[in-house]
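Trainee: Sharing a structure, written as structure tokens. Questions coming.
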Amino acid sequence: MKKANKAYCLGVESTADDFGVGISTFNGEILANAVSGYIPKEGGIHPREAARHHAEVADKVLSEALTESGIKPRDLTVIAFSQGPGLGPCLRTGATVARALASYLDIPLVGVNHSVAHIEIGKLKTGAKDPVTLYASGGNTMVTAFDSGRYRVFGETLDIALGNCLDVFAREAGLKHTKGMPLGAALEQLAAKGKRLVPLPYTVKGMDLSLSGLLTAATSVLHKGECKLEDLCYSLQENAFSMVTEVTERALAHTEKKEVLLTGGVAANKRLQSMLNSIAEEHDARFNVVPLKFATDNGAMIAWTGVLAYTHGEVTPIEESFVKLRWRIEKVDIPWMK
Amino acid sequence: MDEVASRTLLKKGAEASLYLADWHGRRVVIKARHPKMYRPTELDAAIRSYRTTHEPQLMHEAKKAGVPTPTIFLVDTKNAAITMEFVEGKQVKQLLGSMQKAERQGLCVRIGELIGKLHGRGVIHGDLTTSNMILNREGRIFLVDFGLGEKNTELEARGVDLHLLKRALQSTHYQFAEECFEDVMRGYSAIVGGEEAESVLGKIREIERRGRYVAERKEDAQRGV
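Going down the list, the protein sequences come from chains A and B.
Residue 317 in the working numbering is what sits at position 316 of the first sequence, and the numbering runs on without skipping anything.
Residue 232 in the working numbering is what sits at position 173 of the second sequence, and the numbering runs on without skipping anything.
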């Protein structure tokens, strides 16, 4: 495999608040994974402000990744970028960087589905081969499993994403997003101190779930000020995580697969990890969780998925490299799996 | 559950385990919702007891609507276990793939009729998948697993119920999911009436657009909807 070792893919990630550049060899060695996150002064992600941040840090993050990897731009074989789903202005910024690199270096470009990339990096880093995956982040909450050429969605949120639900509540409760301490982590710390379970809605509909009602109810209890914040954080987490765990377990029972993979930003949460571990054990499946630095949005996952796509004959011509804001995972062919 | 001499595990589902047992000389199914260790005890107990009492009530309502469901013999809320009739047959999930087109169409139309009858009486199944439909030897279709169901007459609830079936068809029978769902809606329409079926279809489209990253939403925005 010496020859294959000399092939490298650079991946650009920019679907939401993080701008990342990763470099992977063709056999899955991650040589670099540089990232810069946009932290809003207040409120959630403003797409245009996030895109402005990405444009400002692009060259810095890019050179950081190249330095870290120890390779030169001329050594690159292919450029991959996150083509969707995500926020339009953010995606376009990353796509522009990727197109410029590919044209300048005169090498192929390959558009990668962001959700697929979260699964692929999880598989690469944990050794899982064919898992039932819970992908939970600020923008997505879905349970998928591979079947007949594609990742099929077995369950997903009918409204807001898990990370979004937790983040919005955390902001309502006055928690602050600081560097090295995302809102979700701050909430998790408080929740760990909670003991009393406050009744909140638990909404599972078939394989799907709904989180907006839970968020509304938790917020209204919060503003009544009648219960301790740590108890409320605890109750919110227990309800929300139990719901996603129930849905994941249903997919596991239905598909009879022998691996569970937890990926996406919320994968960092220890309580969610322990719940999924519990259902995996019950179904004699192996539980896997993506390592922290590959859990949140990152360029390495795009680079690695770019390798998989490119080595299976996929190339995205520049004129077809427009971003796809609502690119669903089950629309993507996965030729590298049987 | 002292009366049960022996029981063998039929299926270990995500939510409950199904046992085949002998109960006063009858072959019965015992559906036991075991405690889920991942949930806090109070939350777990509340969910299991709620589903155990509501499921038989909904199955009874379904019968009144003319929808075959297993007969309930015993509800044990303490152990979250329901003892019910054993329906001998095959899951529609196992049958659909090997059926001829005409046969499949006929089956889907009949499924649609059953759902129409349920909805007409305000019963929402809550988990309409082809695993929860059993075709018995006499050719009757039984609906099972009402654990996530509810009594609800709102259009939204009916829309979500059918949307879930559509999604289940897409994930399990993607080769002919669309035609199956069209046939289901034909049967549904025959029971609830064309106008009612149209408004439910409209609701399903709205629910799909609410979903994340759906292309139709963009088209709507361009049309100014």
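Note that beta-carbon positions come from the ideal geometry of N, C-alpha and C, so glycine has one too.
Computed from a predicted structure; not experimentally measured.
Beta carbon of P86 of chain A, beta carbon of K325 of chain A: below 8 Å?
Mentor: The residue given as residue 86 of chain A occupies position 85 in the first sequence. The residue given as residue 325 of chain A occupies position 324 in the first sequence. Yes, the Cβ-Cβ distance between P86 of chain A and K325 of chain A is below 8 Å.
Trainee: Can you check whether the C-beta of R110 of chain B is within less than 8 Å of a C-beta belonging to chain A?
Mentor: Locating residue 110 of chain B in the second sequence gives position 51, counting from the first residue. So no, R110 of chain B is outside the interface.
Trainee: Restricting to Cα atoms, I'd like to know which of B:W82, B:M96, B:A80 and B:Y247 is closest to I170 of chain B.
Mentor: For the purposes of this step, residue 170 of chain B is taken as residue 111 along the second sequence, with counting starting at 1. With distances taken between Cα atoms, I170 of chain B lies closest to B:Y247.
Trainee: Please report the residue range of the beta strand (DSSP E) in which I106 of chain B lies.
Mentor: For this step, residue 106 of chain B is matched to residue 47 along the second sequence. That residue, I106 of chain B, is in no beta strand (DSSP E); its alpha helix (DSSP H) goes T100 to K123.
Trainee: Less than 8 Å between the beta carbons of R75 of chain A and L102 of chain A, yes or no?
Mentor: Against the first sequence, residue 75 of chain A aligns to sequence position 74. Against the first sequence, residue 102 of chain A aligns to sequence position 101. Not in contact: R75 of chain A and L102 of chain A (Cβ atoms no closer than 8 Å).
Trainee: Using a Cβ cut-off of 8 Å (strictly closer), state whether R98 of chain B contacts chain A.
Mentor: Here the question's residue 98 of chain B lines up with position 39 in the second sequence. Judged by the 8 Å Cβ criterion, R98 of chain B is in contact with chain A.
Trainee: Tell me which residues share the same chain as D19 of chain A and place their Cβ nearer than 8 Å to its Cβ, disregarding the 5 neighbours each side in the sequence.
Mentor: Position 18 of the first sequence, counting from 1, holds the residue named residue 19 of chain A. V36, S37, G38, Y39, T297, D298 and N299, listed in sequence order.
Trainee: Label K160 of chain B either buried or exposed according to how many other C-beta atoms from any shown protein chain fall within 10 Å of its C-beta, with 16 as the threshold for buried.
Mentor: Here residue 160 of chain B refers to the residue found at position 101 of the second sequence. Burial call: exposed.
Trainee: Taking the straight line between their C-alpha atoms, what separation do you get for C166 of chain A and F295 of chain A?
Mentor: Reading the first sequence from its first residue, position 165 is the one you call residue 166 of chain A. Reading the first sequence from its first residue, position 294 is the one you call residue 295 of chain A. If you take the alpha carbons of C166 of chain A and F295 of chain A, they lie about 21 Å apart.
Trainee: DSSP state of S211 of chain A, grouped into three classes?
Mentor: Mapped onto the first sequence, residue 211 of chain A falls at position 210. Correct three-state label for S211 of chain A: coil.
Trainee: Closer than 8 Å, CB to CB, is A137 of chain A near chain B or not?
Mentor: Here residue 137 of chain A refers to the residue found at position 136 of the first sequence. By this cut-off, A137 of chain A is not an interface position.
Trainee: Is there at least one Cβ from chain A nearer than 8 Å to L79 of chain B's Cβ?
Mentor: Position 20 of the second sequence, counting from 1, holds the residue named residue 79 of chain B. Answer no: the Cβ-Cβ gap between L79 of chain B and chain A never drops below 8 Å.
Trainee: Report the neighbours of E250 of chain A on chain B: residues whose CB is nearer than 7 Å to its CB, in chain order.
Mentor: Within the first sequence, residue 250 of chain A is the residue found at index 249, counting from 1. The answer, in chain order, is A73.
Trainee: Please report whether the beta-carbon of V205 of chain A lies at a distance below 8 Å from any beta-carbon of chain B.
Mentor: In the first sequence, residue 205 of chain A corresponds to position 204, counting from 1. Chain B, which has a Cβ nearer than 8 Å to the Cβ of V205 of chain A, makes this yes.
Trainee: List the residues of chain B that T246 of chain A touches, going by C-beta distances under 7 Å, in chain order.
Mentor: Taking the first sequence and counting its residues from 1, one reaches residue 246 of chain A at position 245. The contacting residues are Y97.
Trainee: When the Cβ atoms of the segment 212-221 of chain B are set against those of the segment 246-265 of chain B, are three or more pairs found closer than 8 Å?
Mentor: Yes: the two stretches touch, three or more of their Cβ pairs being nearer than 8 Å.
Trainee: Using a C-beta cutoff of 8 Å, does S243 of chain A count as contacting chain B?
Mentor: Along the first sequence, read from residue 1 onward, the residue named residue 243 of chain A stands at position 242. Interface residue, yes.
Trainee: What alpha helix (DSSP H) runs, 4 residues minimum, are completely inside the segment 102-173 of chain A?
Mentor: Counting only runs of 4 or more, we get 115-127 and 163-173.
Trainee: Cβ of C10 of chain A within 8 Å of Cβ of V62 of chain A?
Mentor: Against the first sequence, residue 10 of chain A aligns to sequence position 9. Against the first sequence, residue 62 of chain A aligns to sequence position 61. Cβ atoms of C10 of chain A and V62 of chain A: not closer than 8 Å.
Trainee: Give the DSSP-derived three-state secondary structure of Q164 of chain B in the structure shown.
Mentor: The count along the second sequence starts at 1 and reaches residue 164 of chain B at position 105. Helix, per DSSP.
Trainee: Restricting to Cα atoms, I'd like to know which of A:K7, A:L273 and A:C228 is closest to A427 of chain A.
Mentor: Residue coverage of chain A in this structure runs from 2 to 339, which leaves residue 427 of chain A outside it and unanswerable.
Trainee: Are the CB atoms of L198 of chain A and T246 of chain A within a distance shorter than 8 Å?
Mentor: Along the first sequence, read from residue 1 onward, the residue named residue 246 of chain A stands at position 245. Along the first sequence, read from residue 1 onward, the residue named residue 198 of chain A stands at position 197. Cβ atoms of T246 of chain A and L198 of chain A: not closer than 8 Å.
Trainee: Let me see if you follow: with CB-CB separation under 8 Å, is V199 of chain A close to chain B or not?
Mentor: The residue given as residue 199 of chain A occupies position 198 in the first sequence. By this cut-off, V199 of chain A is not an interface position.
Trainee: So with CB distances below 9 Å, who are the chain B contacts of R153 of chain A?
Mentor: Within the first sequence, the letter at position 152 stands for residue 153 of chain A. Here the neighbours are Q229, S230, T231 and Y233.
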